[in-house]
Amino acid sequence: MTLFVTKFSDTMTSRGWTPLPREYIDIVHKKSKQYGDLFSQIMKKEVMITDREYNRIVSISEYTPDELFARNHDIKFKYRQESITNCSEKGECGFILRVTAASGKQDDSFNIQLVIDSNQYPDDIHFHEETSSLIQNCHLVS
């Protein structure tokens with residue numbers, strides 16, 4: 030087991046993150062041969078994998094793993110929850126996840142947070158409070 034898989038598994042457990050869908054790992058593994066046996070190692074860690082169904086919300090931009098994890102930035106998602114039937118706010122419904130990069134190899138400062146303060150949203154996207162319960166149980170994948 031690589032140090033990365035062990036560390037990430039421990040982080041998932043300590044932070045209470047839910048496992049990734051097995052179906053997603055299977056799809057990514059077939060498309061990403063450059064990661065070698067990383068995915069097979071992940072599949073062996075029960076805390077990292079689930080067989081539950083999932084919904085996919087795609088970000089506005091695409092990121093490589095290095096771009097995603099190695100720098101501080103915001104990731105925008107366009108998403109309208111089914112319960113929001115008549116929205117008249119400016120811009121598109123959605124949400125922003127704020128990424129705080131780790132500052133070193135053994136650093137636990139890496140974090141991803143849902144931005145809920147409407148003053149921190151640009152004009153092209155806005156957040157509905159009722160979306161926060163859905164976003165709390167999401168996975169960010171590259």
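Numbering (our numbering), first residue to last: 30 to 171. Virtual Cβ for every residue (Gly too), placed ideally from N, Cα, C.
Margin query: I need the DSSP call for K105, collapsed to helix, strand or coil.
Written below: strand
Check: Along the chain, where does the beta strand (DSSP E) that runs through F124 open and close?
Finding: 121-129
Next item on the list: Could you tell me which of G120, T114, T129, K107 sits nearest to L97, measuring between CA atoms?
Entry: T129
Item checked: Span separating the alpha-carbon of I145 from that of S161 -> 8 Å
Next item on the list: Could you tell me whether the segment 67-79 touches the segment 98-109, where touching means 3 or more Cβ pairs closer than 8 Å?
Entry: no
Next item on the list: Determine the extent of the beta strand (DSSP E) in which Q142 is found, giving its start and end residues.
Entry: 140-143
Note to self: For a test of the three-state rule: what should DSSP assign to I56, helix, strand or coil?
What the structure shows: I56 sits in a helix when the DSSP states are folded into three classes.
Next item on the list: Taking all protein chains shown into account, decide if I125 is buried (16 or more other Cβ within 10 angstroms of its Cβ) or exposed.
Entry: buried
Next item on the list: Within 10 angstroms of the Cβ of I54, are there 16 or more other Cβ atoms? Answer buried if so, exposed if not.
Entry: buried
Next item on the list: Have a look at H157 and D39 and give me their C-alpha separation to the nearest angstrom.
Entry: 32 Å
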